[in-house]
Amino acid sequence: MAVKQDLRTPIVSVMGHVDHGKTTLLDRIRGSTVAEGEAGAITQHIGATEVPIDIIVNKCGNPDLRNKFIVPGLLFIDTPGHHAFTSLRSRGGSLADLAIVIIDINEGFMPQTIESLQILKRFKTPFVVVANKIDRIHGWEAQKNAPFIVSYNKQADNVKAELDRKFYEIVGELYEAGFNSERHDRVSDFQRNIGIIPISAMTGEGIPDVLMVLLGLAQRFLEGNLHYNANGPGVGTVLEVKEEKGLGTTIDVILYDGTLKKGDMIVVGSLGKPIQTKVRALLKPRPLSEIKAEEKFKQVQSVTAAIGVKISAPNLDSALAGSPVRVVTPENIDAISDEIQNEIEDVQIDTDAMGITIKADTIGSLEALVNELKKEEIPIRKASVGDVSQRDIVEIAAIEDPFYKVIIGFNVKVLPDAKEKLQDSDIRSFMSDIIYRLIDDYEDWAKEQKE
Ligand code: GDP
Ligand code: MG
1 MAVKQDLRTP IVSVMGHVDH GKTTLLDRIR GSTVAEGEAG AITQHIGATE
51 VPIDIIVNKC GNPDLRNKFI VPGLLFIDTP GHHAFTSLRS RGGSLADLAI
101 VIIDINEGFM PQTIESLQIL KRFKTPFVVV ANKIDRIHGW EAQKNAPFIV
151 SYNKQADNVK AELDRKFYEI VGELYEAGFN SERHDRVSDF QRNIGIIPIS
201 AMTGEGIPDV LMVLLGLAQR FLEGNLHYNA NGPGVGTVLE VKEEKGLGTT
251 IDVILYDGTL KKGDMIVVGS LGKPIQTKVR ALLKPRPLSE IKAEEKFKQV
301 QSVTAAIGVK ISAPNLDSAL AGSPVRVVTP ENIDAISDEI QNEIEDVQID
351 TDAMGITIKA DTIGSLEALV NELKKEEIPI RKASVGDVSQ RDIVEIAAIE
401 DPFYKVIIGF NVKVLPDAKE KLQDSDIRSF MSDIIYRLID DYEDWAKEQK
451 E
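Going by full-length UniProt numbering, the sequence shown opens with residue 1, and the numbers climb by one from there.
Printed below as a string of structure tokens:
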């Protein structure tokens with residue numbers, strides 16, 4: 001079976017708690033192949049890295065596998081810092097076709113690990129867990145870039161035992177989170193069991209396994225979802241809104257369907273009315289070989305999914321991370337603008353007549369927060385994207401029920417003029433970049449008040 005032309009590259013996101021090794025893992029996937037003189041084959045996108053199938057099967061040491069797989073490669077999203085998973089949405093689903101949840105094997109589950117799993121469960125995204133930093137297990141003898149089992153078999157018995165012990169703690173924690181799991185090489189049915197791959201992003205041990213398991217998951221679960229229309233209008237998701245010197249505000253977009261061209265009319269989601277604008281330039285990172293060139297980016301005329309690209313266009317200041325981007329025609333521009341506006345407003349709803357007020361930095365994170373609060377049956381009066389403003393405070397101050405005189409903010413700031421008003425008020429505020437902490441803190445506080 002050869003690569004079918006009508007299947008696009010699956011999009012893979014790397015999720016997990018801060019410092020558990022997301023960036024290092026992506027660097028390793030990129031870097032080790034560069035070291036092998038294959039730099040030209042890995043394509044660095046804006047916000048993403050594409051690894052073609054040939055490289056993957058070579059890295060796995062078995063080029064014959066080439067004919068077994070139907071996807072053209074894997075596109076790894078470099079999830080921007082604190083935005084973590086929350087801007088990775090598309091049409092109410094997940095932008096990522098597959099995910100890696102990375103866990104520091106020496107530290108185990110942390111709040112953002114649980115958060116990642118909740119989101120994957122909600123979107124039914126197939127994923128694999130990697131238990132990272134095995135090289136830090138006492139006595140570990142690193143075997144650079146080796147498949148896990150090769151490296152494991154070379155360790156002393158007490159080192160193996162220590163790895164197994166830490167490993168089964170993760171199996172236990174996953175079980176408590178509602179997932180059956182097993183070491184990846186022992187999983188026979190990935191539909192029923194989550195595979196856990198012990199790796200070191202530092203030494204490269206287990207990386208070939210990660211690539212193979214991802215291809216396997218893509219093959220088994222995604223074929224039906226990866227059909228796309230390369231010649232159709234471009235559809236994507238805003239990963240990040242960024243100021244660039246000389247360009248003004250730009251958006252970094254993951255295109256997951258169709259083609260986007262310079263000069264296209266596009267509609268982009270924003271906090272108010274969707275932005276209607278025209279693509280001034282499409283930008284990709286300059287290859288390392290051209291590093292002496294003055295500009296950071298290189299212009300291209302058109303891009304086809306799946307790909308990461310920077311869009312320069314007028315009026316992007318109010319663009320919203322996590323919102324849709326769509327190529328439009330004069331005939332459908334208004335209809336599509338309405339669709340996008342509805343999609344964003346569906347999340348920013350006045351849910352209950354009375355309840356708490358919540359704010360978050362992206363629609364994806366707002367959606368996640370709304371979901372978790374609903375699970376706990378905490379009523380929400382208003383949910384919206386953006387920093388806490390003076391208007392928010394004035395509205396909440398008018399609420400009489402002390403249980404609802406509350407604002408919860410995820411990854412947002414309190415604007416300067418709102419800060420003073422908030423301090424002078426009897427409004428209770430909870431701010432954090434961890435959803436669980438916000439909910440726990442609120443519930444603890446509410447319980448205390450009732451007593
Ligand atoms: P992120 O916050 O999830 O992106 O985590 P980073 O990739 O930035 O890693 C956090 C720290 O852990 C850095 O100092 C890395 O060098 C280190 N680190 C990541 N992976 C490994 C690993 O496999 N082994 C060891 N020893 N350190 C690692
Ligand atoms: Mg990082």
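Where is the CB? At the ideal position from N, CA and C, for every residue including glycine. Nothing here was measured: the structure is a model prediction, and the numbers come from that model.
Shortest Cα-Cα distance from Ser90 to any of Ala321, Asn411 and Asp338 involves Ala321.
In this structure, the CA atom of Met202 is about 14 Å from the CA atom of Ser151. In the structure shown, Pro147 adopts coil according to DSSP, grouped into three states. When the Cα atoms are used, Gly216 and Asp257 turn out to be separated by approximately 22 Å.
Here Glu182 is actually not in contact with Phe109; their C-beta atoms are around 17 Å apart, not less than 8 Å.
Of all C-beta pairs linking the segment 152 to 164 to the segment 208 to 215, fewer than three are shorter than 8 Å, placing the two stretches out of contact.
Apart from sequence neighbours up to five positions away, the residues of its chain that approach Ala99 with a beta-carbon distance below 7 Å are Val12, Ser13, Met15, Leu120, Thr125 and Phe127, ordered along the chain. Sixteen is the threshold: when 16 or more other Cβ atoms of the shown chains lie within 10 Å of the Cβ of Tyr442, as they do, the residue is buried. DSSP places His17 outside both helix and strand once states are collapsed to three, so it counts as coil. Residues Lys298 and Val300 of the same chain have their beta carbon placed closer than 6 Å to that of Lys284, with the five preceding and five following residues left out of the count. If you look at Asn132, you'll find it in the beta strand (DSSP E) that goes Phe127 to Asn132. In this structure, the straight-line span from the alpha carbon of Ala383 to that of Ile358 is close to 5 Å.
Going by beta carbons, Ile29 and Ala48 fall outside the 9 Å limit.
9 Å or more divides the Cβ of Pro111 from the Cβ of Glu205. Out of Phe123, Glu50 and Leu163, the CA that lies nearest to the CA of Asn106 is found in Leu163. Pairwise C-beta distances place the segment 408 to 419 in contact with the segment 385 to 396, as three or more of them are shorter than 8 Å. DSSP places Thr113 in the uninterrupted alpha helix (DSSP H) bounded by Pro111 to Phe123. Residue pairing of Leu283 in beta bridges, as defined by DSSP: Gln299 and Lys310. A straight-line Cα-Cα distance of about 19 Å links Phe167 and Leu25. For Arg428, the three-state secondary structure derived from DSSP is strand. With a threshold of 8 Å, the Cβ atom of Val18 counts as near ligand 2, since some heavy atom of the ligand is closer than that. At least one heavy atom of ligand 2 falls within 8 Å of the beta-carbon of Lys22. Taking all protein chains in view, the Cβ of Gln143 is crowded by 16 or more other Cβ atoms within 10 Å, so the residue is classified as buried. By alpha-carbon distance to Val303, the top candidate from Val279, Lys296 and Leu316 is Val279. Put simply, the backbone Cα of Val328 is about 7 Å away from that of Ile336.
Annotated three-state conformation of Thr357 is strand, per DSSP. A residue is called buried when at least 16 other Cβ atoms come within 10 angstroms of its Cβ; Ser188 does not meet this threshold and is exposed. According to the DSSP assignment, Met265 belongs to the beta strand (DSSP E) that extends over Met265 to Val268. About 41 Å separates the CB atoms of Gly272 and Asn132; that is not less than 8 Å, and the two are not in contact. Per DSSP, the unbroken beta strand (DSSP E) holding Glu182 starts and ends at Ser181 to Arg183. Taking a contact as a CB-CB distance under 8 Å, the pair Ile427 and Lys405 counts as one, their CB atoms being some 5 Å apart. In the DSSP assignment, Arg326 falls within the beta strand (DSSP E) that extends over Pro324 to Val328. Closest by C-alpha distance to Leu438, out of Val394, Val370 and Lys450, is Val370. Taking Asp104 as reference, the option from Asn58, Cys60, Thr23 and Leu74 with the minimal CA-CA separation is Thr23.
Rounded to the nearest whole angstrom, the CA to CA distance from Ile380 to Val253 is 31 Å. Phe410 is bridged by DSSP to Ala360 and Ser432.
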